[in-house]
Every structure is written in structure tokens, then in C-alpha cells.
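Note sheet for the following structure.
2 protein chains.
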Amino acid sequence: MNMKNSNNKVFLDFEPISRRLIITPLKSFYQALLDSNIQINSLCGGKGTCGKCKVQVQKGIEYLNDPTNSEKKFLTQEELNNGWRLACQAEVKKESLEELKKLPPPQIRVYLPEDLLLEDFKILTSSKGRKVSLNPNVRKFSIEIEAPTLDDPIPDFERTIKELIKSNLINNENINISLTTLRKLPSILRNKKKRITLTLLDDKEIIDCELNEEINNNFGIAIDIGTTTIVGYLINLNDGKIYAVSSLLNPQTAFGEDVITRITYVKDNENGLNQLQDAVIRALNSIIMKACNKARVSANQIYEATIVGNSVMHHLFLGINPINIGLSPYVPAIQRNTNFKAKELNLKINPEANIHVLPVIAGFVGADTIGVILASEIHEQDELTLAIDIGTNGEIIIGNSNVLATGSCAAGSALEGSHIKNGMRAAGGAIDTIKINPDDLSVSYTTIKNKKPIGICGSGLIDAVAEMLRAKIISRSGSFNKALFDNERFIVKDKHVEFIIAKKDETGTGQHVSLTQEDIREIQMAKGAFYSGMRIIMNYLKSKHEKDLEIKQIFLAGAFGNYIKKENAKFIGMIPDLPDDKIYQIGNAAGLGAQYCLMNKNYRKKAMTLLNKIEYVEIATKQEFQKEFAEAMYFPHMKLEYFPSLSIYKEIPRR
Amino acid sequence: MNMKNSNNKVFLDFEPISRRLIITPLKSFYQALLDSNIQINSLCGGKGTCGKCKVQVQKGIEYLNDPTNSEKKFLTQEELNNGWRLACQAEVKKESLEELKKLPPPQIRVYLPEDLLLEDFKILTSSKGRKVSLNPNVRKFSIEIEAPTLDDPIPDFERTIKELIKSNLINNENINISLTTLRKLPSILRNKKKRITLTLLDDKEIIDCELNEEINNNFGIAIDIGTTTIVGYLINLNDGKIYAVSSLLNPQTAFGEDVITRITYVKDNENGLNQLQDAVIRALNSIIMKACNKARVSANQIYEATIVGNSVMHHLFLGINPINIGLSPYVPAIQRNTNFKAKELNLKINPEANIHVLPVIAGFVGADTIGVILASEIHEQDELTLAIDIGTNGEIIIGNSNVLATGSCAAGSALEGSHIKNGMRAAGGAIDTIKINPDDLSVSYTTIKNKKPIGICGSGLIDAVAEMLRAKIISRSGSFNKALFDNERFIVKDKHVEFIIAKKDETGTGQHVSLTQEDIREIQMAKGAFYSGMRIIMNYLKSKHEKDLEIKQIFLAGAFGNYIKKENAKFIGMIPDLPDDKIYQIGNAAGLGAQYCLMNKNYRKKAMTLLNKIEYVEIATKQEFQKEFAEAMYFPHMKLEYFPSLSIYKEIPRR
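Chains as they are written, first to last, in the working numbering: chain A, 1 to 655; chain B, 1001 to 1655.
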């Protein structure tokens, strides 16, 4: 990957497909999508007369043209207030261009409702336009099979195999057939139509036969089971196109917000494992149903699913007790990839479909990390690359074409808003960007969907801390600056101190949205965990491989990684001090890795090969961990020399 | 096979294990079994003090010693009347020896109740004492697996694989694990005992893990699904011993006695296929349960089943509609062997167990025929061999190490007693041997279990017809001899004629047991079908291969094949005119083939290789069939020159 986020370009991010486009002023979003071969449902072809192409601008609406007459006709005032536009009408104002170029991406973020989507699949992470070549594990054939005669009484299945070989569709006789398909075969062969369609899994087993000639009803679904969110990508395996994207909150959150509380739930409740497995399977079935409805695809024609998730999600999905992941030495039940039948897991796709679960690396570095590596190709980079996947868990990968190491840091879920007084997920009403005026400590902010603020999400928290540092509201050790306590934005009661980000008269709750001293500590611990984790893996690589290894570029993965301001993540010392144009926001790379494995089975081999290359570093048990973690708690770090570019820190008090 | 049934030996047949022993006078049955390494349950070790070794003499009890005091103590008078003896007390009287030697085998037949059986497995068909070498598809290992540590945090499954490789139990890492086993593995590995037992299927998949060191609880079951009877052999896969034999009437008989009526049932009843499949699966589960109870084996430790049956039984067992087998060109849905999981077929053994169904040859030559070939090794004989499997269907095999052809003849089930006025299965009260005095037409007979006669079974029917021919009661064309109608044994009413075998005052029903003209026709058709079928296959082989091919030996397979008098089968022209010592009764060879495949997986490959060698001859559609069949309806055949040894026929009128 070699992604240049030059400041001379304006980026338009489409979600949830995590597609970033470069936009030219006066070109409609619809056209920009079309130019990138992303077709969306529109009856009028972009003329503004059907009103179908509704999208929601979540960020940067101020840089767009005003709603057109066509939009005023098809959208209600409330929709307009909430940022809804027609993709064929919305465009960037020419006069916004210079201002936009000064901002780091994403400058404009647009929500593309999933039912609009009928798009060609391209890789999020690539500016080279690299496509994954199709080499799916499921193939569909339409063949004509002659009826048997007394002189040629070859049994049904053997006649089918013979025809497949004759047509060069398979090259040997060693093909099995699933029992359910075998039961269907005789009557399908004897229908009046001679052509039938066969579905072959892994060049080994015929798993479906149908009475038609339609080989293009050949679908797979790639699913990323996040601790918090589950996303499914319904993909046609013959053309590689995404037919639908569908997502849900992981219903396991009801049993515990992070993996440790879920493990504890399984431990403490006799039926806990079943409950958690049932919850995730039900969620997957609901995602599958939604995706199928959107794309008008029969779930029975989904013949494969590829699954990524962290090790605990992996175990719970497969119904394996994850308790040992939570206990030293934190080993999973299995590392390699697994292939089971859909019916064994009660997934409501074709019962004979293959469920391919990507391999995990260790107890706290799961199949999602394998997905990130596959999608971002860290293992093929020339330059040593740091990738961090910022989700409910924090995974760190450092590598290039020579070395590859991973570890997990107890980043907690502070950056997802947990354990933060006014923290929240990135949903409507979340403050996602913050600016503080150092002179009067006045705060300006934006919120998701432009709703009244009700809390602060991760990118807002990082902005807040960075801005509070710049305004000297907090010291490098994270303590509030007592000299400013008389500012109206401070609430000080005994030892309890808060800094108000949004005053109660501005908020949706009628309460201040503020950050407390404890909140700052949580964020310090989270960012300290990432940085010290990175340091420990680097120490390991240097001692084991080359002394002079140096990180040259950074990939920020995860939906969250896409939305934080890079310079602020660096400013608070969460990531090393590299130029902004060496820091890439690569989106949901874990889910992308699952898509790659679905579209091209060679990626599965690659994943297994990676297991031999990857070195796992158990960060928290390393001798130097306490010292590294303590030093990294400082903003940006106790050792300022690690962040030479941040000269402003010379003015910020250490304590 | 090279089985010499010399008339100088006395044979003792044990059923249902189909084991034939050569017996010496004054040696107890118990001792004879022990000498052949067949252990039976006995507490006193053959001293006659425990009364456990009860067996039932079904044939030839008149040649044995009188019941001893010990037997009078342990057996009721009714039991003694019904032929029950203690195996440790019963022996052949010395004075019977010369008389016995004059009779063809089986001279003495003994029922060995299945709960007595705990026997070493030996091959029924071999006088060379050849054993099948053990090479089962399921292996059990007991291994010790070290706990993981922080320095060696290998996941559970990978640690297990590593240990198996280190211990040279497997030679590569490409082993899968079933989902249910994977779910059990972590907790079993963490129990205090370090040793665990793993079950490996086909060197590919771990299908069980247990917390013990017992590798010998490794069982398989070979099942012969006959149209009428189902037999299961529970075999230990580590020592090859049969632990239990269990059998049941095929409950599908309730839906139709032969395969054609069952196909019709499926055709005419919407739910017919399910009903018939459920019936056979329930029967198998009942056989499995009985066998497990007898042998005190946990059904969960049965890891494989091998199945034989004709093509219709094969389809119904797998839940495949057999309708096309009944329609020209009579092709089955699949020919090759199949492997499905027990759970897919609802068989109540280990859910992950493999169900291996042997391949079928054609619509009317099924997996049972493959079993017969494997067990009798026709394909390895030097001499051209005719094998006929006389069950509800008649299969014909002709072959040697060069050629191999099969066909099926519509023998009907006359020889099983169907369509015969007083026909019945070989059960208690069935007349099984018949002699007719040519001077006064008086009849002597024996019955199974020495009960009052209630009908005639197959061997009795063959005896009856042969004896009626010898006594000139019927002509070579099968018509009753009107000159004898005034004999008291004839009942003549208008055109209806019967010949009384057992008079009503002798029978258990109070009615005559007799044979009608129509009964004679049924038997003519059955025997004519076998002989003409054999002729047609021979014609085929001669035209296709060598002109001067000649049948040199005959194998009679099937339980029934074991009980008919060879010379009478030949006398009525059911089988070619070969010396008695070239005619071998090989018992349930189909079931034996299933046992071979269970004990040694190489036999499965052999079966698949056979498919390439076997030529299938569609007998009934051959041009010459009508002529051959019409000629073969005569006793022994229209062309007497085919039976040169039967000079007596010169005296029997043709019509």
C-alpha cells in the first residue's frame, strides 16, 4: 500500500462501505460514485426526477451547495435539517475548495444507505486501484446431461461427473456430493429441461443442484464479528460485486461490553456459552436476512461465509468456551482456520454452505488481525509499518516483508466511550470534532448527524485532550491546570474537577457534556497502552532481528481509526511521531480481509502462511512493561525526544 | 476360496454367525468352539455347573447324545423338546458318525444365542483359516499433552497435533477436528489427568476426545440391510473381534415384501420415502442398541458403520427416492461408495461417526453383491466361478481373475416362501427337508426347531420339487402326473390339484401343508430365472471374452443358500451340473463383505476398483431371454444334455 493523503485533495468518505473518493467541485456525488464504478439505485439516472438517491451528509455539509429545488421536492425539511441530500444534486461548492484542502481527511463524510448500494467491489485501501482477482471457493456450472439408456445405464451421479469432466469443468472423478443434493439429483435430472445448474464447493463436493441455467446466483457473505458491531457484506462470487451491506449492534453487548466481561459471564452462568452463541448466531441470521432482502437474493444461494472476529468472538461464534483465553497463558482452543457446514452452526444460508473462519493468532490477537494484515498487506511492505486496529480491543501489528509481530494492548474501550462520564459510541449527537480557543477556553465542536450533543465519541475525546493540551488546560501528566479553575468552563467540587465541552443549554440532554479528571486518566491509559505496546514490540523486533529497525508508516484500522484526526492522535502520543502523509486511515480492514478470503481462496492459504511468519508478543507480561506504560502515560510521552516535531510541548507544563 | 466339502467330514453350522466347524464325536460343542477360538460366555468353563451355555439344535438333534443330568437340571422339558442343549454337554454320538458322513452339509445346525457370543472374528468362507488383517479407518490414541505456558502458548488443538506428530501417531499437520470435539477439547486438556484419548477418522479428522487412557473402546458395526432381514455385527476395531451380532426383520416388509412393491409404495404415497427410510433407520438403531447392550459397549464409541444392501435398500437407507430403479433403464442415483456422518442419517452411534455405504453396481445389483464378491473373492479365483445370492432378489455373479460379470434375475421371492400357498420363511415349524418314497408317495420331513409343520420354507420347496420329480409326481414340464391322482396325497378339484406334504393331523394348523400346481410354476420360474440368467451372462462373456469359458465351481450365498440341499438345487436345474464338491455354501457373504470393509479399509478401495472390472448384464432385456427362460423352465432344462450327470431324468416324462 502506498496511499498519499496529500493536502491538495478533497476526500469524500462513503460509509458504511468505507470508500474514499477524491472529489472535484461541481461534480455531483452521484457522478463521483459513477466515475468510480460504484452504481447506486436511481431510476432517473441522476436527473433529479426520481428522488431515490437519498444520502445523509454526516460531516462537512457546510462545504456543499444549498439544497436544490429537486431536493426540496423529495426531502422533508426535517430530512434536510438532518443532512439528507440527493446524491445527484449534492456537490462541493467551488468556494469551499481551498478551505477544505487545509483540513485533513475525511473532510466530508456521507452515509450511503445500504439499499442504494449495488456496487462493484473495489478495495478501500488502494490508491493504485488494485482489485482482488476472483478465485472463489464456490463455482456454479450449467450443464446438459443426457438421459441414461439401457445401453448406457450410468447412474445419475456418475453421469453428472462424466459430463463435468467432458466439459472440462472438473479434472478428476474424486468429487463428493452432499446427501441433500444427492437426494434432489435424480428428479432434477429427469425434468424436461435438460440443463441443470450444479454448485461445487472447494472443487470437492457438489452442494447444490437446481433446475435452471442460472450460474450467477452464486453468493457468499463476509462477516466481521466485532465486539460491538457486526457487519456482513453480501458478495456475488461470479462478479465480485457487493450486493448488500448489512450491520447490527452485537447483541452480546447485553451480556458484557468487552470480551473479558463476556468471558466472565460464560464462567458464571451455566448456560452462558449457549446464550452468547445463540445471540451472535441470531444476529448473523438477521444480517443475512436483511442483506438477502435488500439484494433480492435467496439465502439458499449463499454457499459460503467467511468470518473474522477477535479470538473471543471467534470462540463464541463456534460455541467454544473462551474461558482459557481469559486465563494465563491465554491460549485459544484452536489457531488454524476452520471449515464447518452452515447447518452445523445453524446459519440460515444454504445448509451445505461452508463457513470459513479465519485463523486466530493468540488469545488476544484474533482473526480480525489476520484480516487487517491480509487487507493492508503489511507483510509485503518495504517500509516497516505500524498498524493499530482500534476497536473495543487494541491490536498492534508491526511488520514489513521481513518481520511481522503482533501484540494486544489492554486499551480498554475508553476510545469507544466506555468508562468516560459522557462518553458514547459514534452515533447521532456524539461530539466528533472539537476545537478549543486557548485565549478564552471557548469550545467549538461538531456532532454526528448535526444533532444536539449528548456525549463525546472517540474522535472527539482525542480532539478534546489534544486541544486541552494546546490550551494548557491539562499538563503533560494529565492533571488539570489549577491556575485556570476560575474559568467558567471548569466545575470544581472538592477534589472533583470537570471541564465543560458543551454547556447544558446547548445539549440534547439538558446536562453539561464535560470531561472529568478520571476521564483524562482513562484516555491516558488507553493511548499509553497503544504506545507502550508498540514500544515493546519494537524492542522485541530490534533484539530479535535488526537493531536499527524504525517505523516508517502507520496504518490506522477500524471504523474508528478512519475518523480520528491523525495529527491529534499523534499529538496526544497515541502513535509515533511521523509526518501526516505517512499515516493512513485504512477503514474496516478486518472486514476487508474477510471479503478477500471470500472472493479469492488463495488468501486463505496466505492467512495460514502468515501464521508461520507472525511472532506474537505477550506485551503485558514483559519485564519492561510497567516502565514503558508509565512513561507513555505522559502526553505525548515522558521522553519528549520521541516526538521531535511537537515543539509546542516545550510550553506545556509537565505536571 | 477353495472349500472342500468332503463327505468324510461332519459339519456343525453355528448360526447366526454362519460359522461352520468340523466336529469330532465325543467332543462337546463348547470344546469345538473353543478349539476354533470362539469364546462363549460360560461361568463354569464348560463343567456343566452354571447352565449358561444354552444353544438350540435346529437340525440333526437325532445324531447327538441324550441330554445329560446337568442339562435336565438347567433346561425345562419344553426347552429340551425344542432342541435346547448346553453347549458343554452336547456332542455327536460316535454311532452317528458314519450316517452323518453320508449326508451333505449342514448335517447339524445350532443356534448360538447372540448374548452367548464374544468371539474372535474369523472368515466363514475359508478353509485355509485366512484372516482379514486389521487396518481400520478409525484409530484411537492415548497421549499425554503438556499444559501451555506463557513461553509456549500454543493453542489447544495445535498442541494436540504437535504431540501426535512427535509421538509418530500421525505424519502431517493436515488433520481436522469435528466441531463437537473441538468444543470438548479445552476442558478435557485441562483436567488433572494429563493423558487423553483421541479418535482419528480416516487419518483426517479427530472425531472424539475422552478423558481416559482406554484406546480399546474403538468399535464399528457392519450392517447388512436385507429386503427381509437386517443383521448387524458389532466389531472391535482394535482386535477385530465380534462383540455382538444382532438382527431384526426389516420393518419395511410392512410396506411391501419385495423391492418392487416398496418402490410402488414410495411412488403412491407422498410421505412414502420418509416412512420407509424412518423404518429402516429405526430398525438399525434398535439393532445398534441391542448389540451395545449385549456387549456392554457405549454406542458413542461406535465410530464407523459399513452398510451393504441391494440398490433399493441402499437408496431407502440414504433417503434417496428409488423410483428410477424401477423404471427402464433402471439406473440408481449413485454408484460409488458414500461416506456421510451418523448425525446426517440419525444413526444413534457417535454423531461424528462415518457411515460408509458400499457401492452398488446397477439398479438390481447392489452393494450386497459387492459384499459377496469381496468376501468370496470371485475376482481372484483361478477357476471360472458362478455365485448366486439367493435372497428376496436373485443376483448372479460369474467371474475369475480375468472376467467378472453380474446380472439380476427376477427370481421373485418364491424361494423365501412368497406366492407359495403354504410357503413361509425359515422359522420354527417350517418344513426344511423332505423325502418322498417313490413306491407309495409317502412323505417324511423335518421342520425347523422340530415344531409341528405350519408351512414349507425355501430349502423344503427345493427338496419337495426334486423328490416329486424323482417320484414322477410331476413331469419335467412341471405338470402333475394324472396317473397318480388316485393316491391319497392328491387333492383334485376340477382343475385345481394339490399334493399333500404334511397331512392336517400332523400339522400345527390343522390344515394340510401341500403344494399346488401354481406353486410348482412359481418354483419353476424362480429356478428358471437363475439358470437362464446364468446362461445369458455366460453367453455375454463368451462372445465378449473367450469362447470356451466354462463354469468350474459354484458359490451359493445368502442364509438360504446355506441351507438348501446342493444336489437338489442341481437336480431341479437351478444351478449347473457340477460335482457336489465344487458347490460351496458360503453363507451371508454380503454381510461378511461389510465386515471386511469395516476391519480393513483397503477393501473399500478394492470395491471401487471392482466397479471398473465388473460388467453388468441387463438380463431381461436381452433378445435371447425369452427363449432361454422358457427352456430353463423345464426340469432340469429342456436340453437334458446340459445335465449329463442326472441320468435318472431319462425315466421322467417330459410332459
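Ideal placement from N, C-alpha and C gives every residue a C-beta, glycine not left out.
Residue i, buried or exposed, once every other Cβ within 10 Å from all chains shown has been counted against 16
i, result
"residue 1119 of chain B", "Because the pLDDT of residue 1119 of chain B is 37, which lies under 50, any placement of that residue in the model is unreliable, and the number read from its coordinates should be weighed accordingly. Counting Cβ neighbours within 10 Å, residue 1119 of chain B comes out buried, since at least 16 surround it."
"residue 545 of chain A", "exposed"
"residue 1204 of chain B", "exposed"
"residue 1694 of chain B", "Since the first residue of chain B shown is 1001 and the last is 1655, residue 1694 of chain B is not available in this structure."
"residue 1338 of chain B", "buried"
"residue 174 of chain A", "exposed"
"residue 45 of chain A", "exposed"
"residue 289 of chain A", "exposed"
"residue 1352 of chain B", "buried"
"residue 249 of chain A", "exposed"
"residue 1298 of chain B", "exposed"
"residue 1562 of chain B", "buried"
"residue 1505 of chain B", "exposed"
"residue 427 of chain A", "exposed"
Bridge-paired residues (DSSP) for residue i
i, result
"residue 394 of chain A", "A:390, A:409"
"residue 1031 of chain B", "In DSSP, residue 1031 of chain B forms no bridge with anything."
"residue 209 of chain A", "A:198"
"residue 553 of chain A", "A:385"
"residue 444 of chain A", "A:435"
"residue 1587 of chain B", "B:1557"
"residue 1521 of chain B", "According to DSSP, residue 1521 of chain B bridges with nothing at all."
"residue 63 of chain A", "Paired residue(s): none; residue 63 of chain A is not in a bridge."
"residue 1220 of chain B", "B:1235, B:1304"
"residue 1600 of chain B", "B:1135"
Cut-off 6 Å between Cβ atoms - residues of its own chain near residue i, not counting five sequence neighbours on either side
i, result
"residue 165 of chain A", "none"
"residue 200 of chain A", "139, 206"
"residue 1109 of chain B", "1013, 1058, 1059"
"residue 1300 of chain B", "1350"
"residue 232 of chain A", "221, 223, 246, 287, 291"
"residue 1015 of chain B", "1111"
"residue 1340 of chain B", "1355"
"residue 1051 of chain B", "1074"
"residue 277 of chain A", "316, 319"
"residue 1107 of chain B", "1010, 1011, 1060, 1100"
Residues of its chain near residue i, where Cβ-Cβ distance is below 7 Å and the 5 sequence neighbours each way are ignored
i, result
"residue 375 of chain A", "125, 589, 592, 593, 596"
"residue 156 of chain A", "185, 186, 189"
"residue 1654 of chain B", "1475, 1476, 1477"
Cβ-Cβ separation, residue j to residue i (assumed contact under 8 Å), whole Å
i, j, result
"residue 1613 of chain B", "residue 1379 of chain B", "6 Å"
"residue 32 of chain A", "residue 43 of chain A", "Contact flag wrong, Cβ pair sits at about 19 Å."
"residue 1228 of chain B", "residue 1210 of chain B", "With a Cβ gap of about 38 Å, residue 1228 of chain B and residue 1210 of chain B do not count as contacting."
"residue 616 of chain A", "residue 361 of chain A", "6 Å"
Own chain, CB closer than 8 Å to residue i, minus 5 neighbours either side, in chain order
i, result
"residue 1644 of chain B", "1577"
Test: residue i CB closer than 7 Å to a CB of chain E
i, result
"residue 317 of chain A", "Looking for chain E here will not work: the only protein chains present are A and B."
On the three-pair Cβ rule with 8 Å, is the stretch 1424-1441 of chain B touching the stretch 1260-1274 of chain B? no
How do the stretch 1446-1463 of chain B and the stretch 1504-1517 of chain B stand: do at least 3 beta-carbon pairs fall below 8 Å, yes or no? yes
Just checking, does the stretch 306-316 of chain A make contact with the stretch 350-367 of chain A on the three C-beta pairs under 8 Å criterion? yes
With contact counted as at least three CB pairs below 8 Å, one residue from each stretch, are the stretch 1079-1097 of chain B and the stretch 1020-1028 of chain B in contact? yes
Contact between the stretch 151-163 of chain A and the stretch 1328-1346 of chain B (3+ Cβ pairs under 8 Å): yes
Does the structure place the stretch 1458-1475 of chain B close enough to the stretch 1569-1579 of chain B that three or more beta carbon pairs sit under 8 Å? yes
Counting pairs of Cβ atoms below 8 Å between the stretch 1389-1406 of chain B and the stretch 1486-1505 of chain B, do you hit three or more? no
Sufficient close CB pairs (3 or more, under 8 Å) joining the stretch 520-535 of chain A to the stretch 413-421 of chain A: yes
Is there contact between the stretch 398-407 of chain A and the stretch 381-388 of chain A, where contact requires at least three CB pairs shorter than 8 Å? yes
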